[in-house]
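Asks: Going by the UniProt record's numbering, the residue at position 121 of the sequence shown is 121; the numbering climbs one at a time, nothing skipped.
One structure follows; several queries about it will come next.
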Amino acid sequence: MAQRLSHLLNCVRTAVTTNMNQHVYFNILDDQVLPFSQHLHDEYALVTPIFQDDNSTVHRAGRICDWFDEHSHTPLHLYWPAKSPDLNPIESLWDILEQRAKFRNQNPRNLVYWRDQILSESYLQNLVDSLPNRIQAVIKY
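What follows is the structure in structure tokens.
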């Protein structure tokens, strides 16, 4: 569990401190997602870990599609509908960032400041833990 959260936090830290583009996303896949997927496979005997993203332009760049083709054994790439906030945890993250930003009296110094002031490990863990309930809600719908 701690390693899962550590990988999630590393991905969020990279995304928050950098302008996202296909090169940054490629590095996240290579440096974080692939090793973590391999860890899940080795540690928990998962046949094929599943990775989810959405239809962002960055996620659909040719280089990224090629990466998933080359690494189709680990992880399995789950195509996710764009703008599905009921299931996509990043939507909740953006919502909380927006809500907390509105209640701040000072201007942010930079994105790292926002990350350090607003995001906590417990919030991110709760976001991860909420996925089964989100899935059940969509199934019932």
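Beta carbons are placed, not taken as given, at the ideal position from N, Cα and C, and that holds for glycine.
On a predicted model such as this, the values are computed, not experimentally measured, just so you know.
Select from 137, 63, 49, 61 the residue whose C-alpha is nearest the C-alpha of residue 88.
Replies: Selected option, being the one with the closest Cα: 137.
Asks: Would you be able to state if there are at least three C-beta pairs under 8 Å between the segment 52-72 and the segment 92-100?
Replies: Contact between the segment 92-100 and the segment 52-72 is absent, because fewer than three Cβ pairs lie under 8 Å.
Asks: Assuming residue 41 and residue 74 form a contact by the criterion Cβ under 8 Å, report the distance between their Cβ atoms to the nearest whole angstrom.
Replies: Residue 41 to residue 74, Cβ: 6 Å. Contact.
Asks: How should residue 30 be labelled, buried or exposed, when 16 other C-beta atoms within 10 angstroms of its C-beta is the threshold for buried?
Replies: By the neighbour-count rule (16 or more Cβ atoms within 10 Å), residue 30 is not buried but exposed.
Asks: Quick one: residues in its chain with C-beta nearer than 6 Å to the C-beta of residue 168, no 5 flanking neighbours on either side, listed in chain order?
Replies: Residue 168 lies beyond the residue range present for the chain, which begins at 1 and ends at 141; the question has no answer from this structure.
Asks: How long is the line joining the alpha carbons of residue 99 and residue 120, rounded to whole angstroms?
Replies: Their backbone Cα atoms lie some 15 Å apart in a straight line.
Asks: Which residues does DSSP list as the beta-bridge partners of residue 44?
Replies: Per DSSP, none; premise fails for residue 44.
Asks: Just to confirm my understanding: we take residue 34, look at its own chain, exclude 5 residues before and 5 after, and list those with CB closer than 8 Å. What are they?
Replies: The residues are 71, 74, 75.
Asks: Give the DSSP-derived three-state secondary structure of residue 53 in the structure shown.
Replies: Residue state, collapsed to three classes: strand.
Asks: If you draw a straight line from the C-alpha of residue 122 to the C-alpha of residue 49, how long is it?
Replies: Rounded to the nearest angstrom, the two C-alpha atoms are 24 Å apart.
Asks: Please state the DSSP three-state secondary structure of residue 76.
Replies: Residue state, collapsed to three classes: strand.
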